[in-house]
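So for the first sequence, the UniProt record's numbering puts the first residue at 1; every next one is plus one. One structure is given here, and the rest of the page talks about it.
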Amino acid sequence: MFAGDMHSPIYNCITGQYMATTLFPSSTLLVPASLKEANPITRNSSSKLLVNCKTLKELKQLHCDMMKKGLLCHKPASNLNKLIASSVQIGTLESLDYARNAFGDDDGNMASLFMYNCLIRGYASAGLGDQAILLYVQMLVMGIVPDKYTFPFLLSACSKILALSEGVQVHGAVLKMGLEGDIFVSNSLIHFYAECGKVDLGRKLFDGMLERNVVSWTSLINGYSGRDLSKEAVSLFFQMVEAGVEPNPVTMVCVISACAKLKDLELGKKVCSYISELGMELSTIMVNALVDMYMKCGDICAARQIFDECANKNLVMYNTIMSNYVHHEWASDVLVILDEMLQKGPRPDKVTMLSTIAACAQLGDLSVGKSSHAYVLRNGLEGWDNISNAIIDMYMKCGKREAACKVFEHMPNKTVVTWNSLIAGLVRDGDMELAWRIFDEMLERDLVSWNTMIGALVQVSMFEEAIELFREMQNQGIPGDRVTMVGIASACGYLGALDLAKWVCTYIEKNDIHVDLQLGTALVDMFSRCGDPSSAMHVFKRMEKRDVSAWTAAIGVMAMEGNTEGAIELFNEMLEQKVKPDDVVFVALLTACSHGGSVDQGRQLFWSMEKAHGIRPHIVHYGCMVDLLGRAGLLEEAVDLIQSMPIEPNDVVWGSLLAACRKHKNVELAHYAAEKLTQLAPERVGIHVLLSNIYASAGKWTDVARVRLQMKEKGVQKVPGSSSIEVQGLIHEFTSGDESHAENTHIGLMLEEINCRLSEAGYVPDTTNVLLDVDEQEKEHLLSRHSEKLAMAYGLITTGQGIPIRVVKNLRMCSDCHSFAKLVSKLYNREITVRDNNRYHFFKEGFCSCRDYW
DNA sequence: GTAGGGTTAG
Numbered sequence: 001m002f003a004g005d006m007h008s009p010i011y012n013c014i015t016g017q018y019m020a021t022t023l024f025p026s027s028t029l030l031v032p033a034s035l036k037e038a039n040p041i042t043r044n045s046s047s048k049l050l051v052n053c054k055t056l057k058e059l060k061q062l063h064c065d066m067m068k069k070g071l072l073c074h075k076p077a078s079n080l081n082k083l084i085a086s087s088v089q090i091g092t093l094e095s096l097d098y099a100r101n102a103f104g105d106d107d108g109n110m111a112s113l114f115m116y117n118c119l120i121r122g123y124a125s126a127g128l129g130d131q132a133i134l135l136y137v138q139m140l141v142m143g144i145v146p147d148k149y150t151f152p153f154l155l156s157a158c159s160k161i162l163a164l165s166e167g168v169q170v171h172g173a174v175l176k177m178g179l180e181g182d183i184f185v186s187n188s189l190i191h192f193y194a195e196c197g198k199v200d201l202g203r204k205l206f207d208g209m210l211e212r213n214v215v216s217w218t219s220l221i222n223g224y225s226g227r228d229l230s231k232e233a234v235s236l237f238f239q240m241v242e243a244g245v246e247p248n249p250v251t252m253v254c255v256i257s258a259c260a261k262l263k264d265l266e267l268g269k270k271v272c273s274y275i276s277e278l279g280m281e282l283s284t285i286m287v288n289a290l291v292d293m294y295m296k297c298g299d300i301c302a303a304r305q306i307f308d309e310c311a312n313k314n315l316v317m318y319n320t321i322m323s324n325y326v327h328h329e330w331a332s333d334v335l336v337i338l339d340e341m342l343q344k345g346p347r348p349d350k351v352t353m354l355s356t357i358a359a360c361a362q363l364g365d366l367s368v369g370k371s372s373h374a375y376v377l378r379n380g381l382e383g384w385d386n387i388s389n390a391i392i393d394m395y396m397k398c399g400k401r402e403a404a405c406k407v408f409e410h411m412p413n414k415t416v417v418t419w420n421s422l423i424a425g426l427v428r429d430g431d432m433e434l435a436w437r438i439f440d441e442m443l444e445r446d447l448v449s450w451n452t453m454i455g456a457l458v459q460v461s462m463f464e465e466a467i468e469l470f471r472e473m474q475n476q477g478i479p480g481d482r483v484t485m486v487g488i489a490s491a492c493g494y495l496g497a498l499d500l501a502k503w504v505c506t507y508i509e510k511n512d513i514h515v516d517l518q519l520g521t522a523l524v525d526m527f528s529r530c531g532d533p534s535s536a537m538h539v540f541k542r543m544e545k546r547d548v549s550a551w552t553a554a555i556g557v558m559a560m561e562g563n564t565e566g567a568i569e570l571f572n573e574m575l576e577q578k579v580k581p582d583d584v585v586f587v588a589l590l591t592a593c594s595h596g597g598s599v600d601q602g603r604q605l606f607w608s609m610e611k612a613h614g615i616r617p618h619i620v621h622y623g624c625m626v627d628l629l630g631r632a633g634l635l636e637e638a639v640d641l642i643q644s645m646p647i648e649p650n651d652v653v654w655g656s657l658l659a660a661c662r663k664h665k666n667v668e669l670a671h672y673a674a675e676k677l678t679q680l681a682p683e684r685v686g687i688h689v690l691l692s693n694i695y696a697s698a699g700k701w702t703d704v705a706r707v708r709l710q711m712k713e714k715g716v717q718k719v720p721g722s723s724s725i726e727v728q729g730l731i732h733e734f735t736s737g738d739e740s741h742a743e744n745t746h747i748g749l750m751l752e753e754i755n756c757r758l759s760e761a762g763y764v765p766d767t768t769n770v771l772l773d774v775d776e777q778e779k780e781h782l783l784s785r786h787s788e789k790l791a792m793a794y795g796l797i798t799t800g801q802g803i804p805i806r807v808v809k810n811l812r813m814c815s816d817c818h819s820f821a822k823l824v825s826k827l828y829n830r831e832i833t834v835r836d837n838n839r840y841h842f843f844k845e846g847f848c849s850c851r852d853y854w
């Protein structure tokens, strides 16, 4: 892509590292013809030459010649003033240093007020606020009295480094000198206060001004928009128009960017129509702001159209559209724009390269990524931290860990982002251990560091650890944000910790965290998994926007309950709102049908996928269908479906059939399914367990022993059943037959009492659920110590009457525990929720929400 | 002389 790089880098021709970060057309290197001529320099001609100097090199040579000829002196309006002005104008850090050295005079000549003003301005625009302030102090020490020109520069310097207390002192000096009536000074003060987060003080000043101009209004508008008060910014703009002040292009840029921040397309369009009403011509900076606004408001096509129609695109406009494409993850468009730019646009700079490299990271495009890296090195852009950080991220996402580490090691100034990029890369690479170690040893962590680790822990199912880390974050006084809460919400969901889930909601409200699409969806899912469908739907209904994922989460709530009608109703509502279904929503729908035993609806939805919505069923959908048919006992139809599948059935499909065989006690078919399964996924624990369970419940103990032996030989271990219950914010976990709990004795006594009352009510343990070849009494004993029973008993002991008991199980609940829970809910008058690995059961007054179908 | 646009990691 960069083969046609005709403008070879010239940075090494220009002395000084600061120049290296800016790309100059090679023409600027040419020495002006005037300098080569042997004509003698006069005071007048040198003055003109000084003003026209474009590079420090030219200036230095001219300076040298003039000194030789004695054409410089400290008199007012002398050439020295022009030399300094010109040097400042060049604007590089080196030229600023040059100016600084030129005006200090060993002969005791004093620098003029003009020189100080000039250099303070130079430092301010270079962002070197502290240097500007130092210079101001120096001029006071030298007894030079600042004037009305000094203060705007100085205040701009204070704004750049957010030096509030210094700026306030400057304000004091302004008042002392009676300069507050100067409109330039007042405007600068408004800007300064706004930048330092004191927009109210700026407003006070604005209100007290006797005379205001368009810059006064614009400064305040921009102040509001920059402090996240974009609504005020826009309304101030309309006030300004009403007051008869005509906006200029800068005003429009500020207003349009306020609309962009609000993501309010309608408002943006309204401002656009104002522009044409006022008859303003669209300047390049305005077009740029419009492109950005349309992009941020999500109307990417409109943005692209304006961009394409713009005849004189500048570098910033290219950079604007590219960075927005990156944000929208339209990475391939970034490369299209880059292509156009290389052909007929301005030379890519560091910001361009940042977007390009980010796009390569998104696309996993190593080849463009590598040439971008080369371009960065050729042009000396790697000194900019952000570029190197992006390169690390790109190599990590392209799977080139070594290349990323090499860049990392060579970075002299690693920032927190550098470390974060590395950690995130390691997490994606699956190296949690190293990621943890680096996180632990990091000297400076920011919110992203914490969020990365919390997200990583959730990804690897270390939910308690994720919550633990969040607690540590709280202890260190770092509040979480939207991203943190998405991670914590999913951790809560998987743990089924409802109390914690509710606390998460309160935390979000208290900390005024905006519930966006992602967080909203995470919360719906969290409550759904915690067995609180009404809270889940409450969150869903309050979401301002809902995409297909949000609807899927809500349909998932219905699926958890086995509420087919509810699921289909939501789906229809979603279609009405013109949300396009994807493959995932059908998984939720089919699951809902499966749990609800709604075979007809399931079949119908399955066939409508391709016909009505153009979505070809994937293997998971076939899995869902096999599950649906199998659960309903339609084993033959399930087998037929498997045989007619256009895709090779995988382990999930056979697994579903096997599970159905267990439920409907079809040993023969189970044997067949298990054989297929072992071929496909010999390492899968589930198959062995299921198969041995099937043999066990059919009483075929020799077969059970054989499978168990196979498991042992292959080193496969059964995942132990475990149930947890949250009591007073703490999660208590029990495994089957667990005696390790501190309250073990109490739990045992409680279980005895329950069993007594249950048998009085006619309960007979269903020992076919015990999968060991032991005698009946032993079976009963084992059965009575199933993890969910232990958790329920503990719940009865520790929580008061009327408080629902909520248990989360890692495996599917067995039918005996199901009957047990139904009776306990009746005899103890308690609501009980058990969420297993696939749905939840809500027990009340002796009945279960699943209507015994699961 | 004051006001404005593009920036990586979760």
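Think of the CB as a built atom: it goes at the ideal place given N, C-alpha and C, for glycine as much as any other residue.
About 17 Å separates the Cβ atoms of residue 293 and residue 318, ruling out a contact at the 8 Å cut-off. A buried status is given to residue 151, since no fewer than 16 other beta-carbon atoms sit within 10 Å of its beta-carbon. For residue 255, there is no enclosing beta strand (DSSP E); the residue is part of the alpha helix (DSSP H) that begins and ends at 249–262. Within the region 412–499, complete alpha helix (DSSP H) segments of at least 4 residues are found at 416–428, 432–441, 447–459, 463–475 and 482–495, given in chain order. Restricting attention to beta strand (DSSP E) runs no shorter than 3 residues, the region 85–163 encloses none. Residue 808 carries a strand assignment under DSSP once its states are collapsed to helix, strand and coil.
In this structure, the straight-line span from the alpha carbon of residue 476 to that of residue 424 is close to 22 Å. Per DSSP, residue 304 lies in no beta strand (DSSP E) segment; the continuous alpha helix (DSSP H) that holds it begins and ends at 300–309. Here the alpha carbon of residue 427 sits roughly 12 Å from the alpha carbon of residue 393.
Taking 4 residues as the minimum length, the alpha helix (DSSP H) runs contained wholly in the UniProt repeat "PPR" (182–212) are 183–195 and 199–208, in order along the chain.
In this structure, residue 193 sits near residue 202, with a CB-CB distance shorter than 8 Å.
DSSP places residue 378 within a helical segment (H, G or I) once states are collapsed to three. Under the DSSP assignment, residue 841 falls in the beta strand (DSSP E) whose first and last residues are 840–844. The secondary-structure analysis by DSSP pairs residue 733 across a beta bridge with 724. Of the other Cβ atoms in all chains shown, 16 or more fall within 10 Å of the Cβ of residue 79; this residue is therefore buried. In this chain, the beta strand (DSSP E) harbouring residue 835 covers 832–835. Assignment of residue 505 by DSSP, reduced to helix, strand and coil, places it in the helix class.
Bridge pairing for residue 814: absent [DSSP]. Apart from the 5 residues on each side of it in sequence, residue 195 sits with its Cβ closer than 6 Å to the Cβ of 159 in its chain, given in chain order. DSSP places residue 591 inside the alpha helix (DSSP H), whose first and last residues are 583–596.
Note on residue 116: 16 or more other CB atoms within 10 angstroms of its CB, so buried under the neighbour-count rule. Contact between residue 795 and residue 808 is ruled out by a C-beta separation of about 12 Å, above the 8 Å threshold. The criterion of a C-beta distance shorter than 8 Å is not satisfied by residue 556 and residue 582.
Bounds of any alpha helix (DSSP H) do not take in residue 515, whose DSSP letter is neither H nor E. Here residue 447 is not near residue 457, since their CB atoms are 8 Å or more apart.
Rounded to the nearest angstrom, the gap between the Cα atoms of residue 665 and residue 723 is 26 Å.
For residue 848, the beta-bridge partners assigned by DSSP are 843. Membership of residue 546 in any alpha helix (DSSP H) is not indicated, and neither H nor E is assigned to it by DSSP.
Assignment of residue 538 by DSSP, reduced to helix, strand and coil, places it in the helix class. A distance below 8 Å separates the beta carbons of residue 262 and residue 230. In terms of CA proximity to residue 283, 251 leads the group 266, 251 and 305.
The shortest C-alpha to C-alpha distance from residue 830 to any of 818, 844, 819 and 837 is the one to 844. Around the beta carbon of residue 327, a 10 Å sphere encloses fewer than 16 other beta carbons of the protein chains shown; the residue is thus reported as exposed. Apart from sequence neighbours up to five positions away, the residues of its chain that approach residue 720 with a beta-carbon distance below 7 Å are 735 and 736, ordered along the chain. The straight-line gap separating the alpha-carbon atoms of residue 215 and residue 187 is approximately 7 Å. Here residue 321 carries a helix assignment [DSSP, helix/strand/coil].
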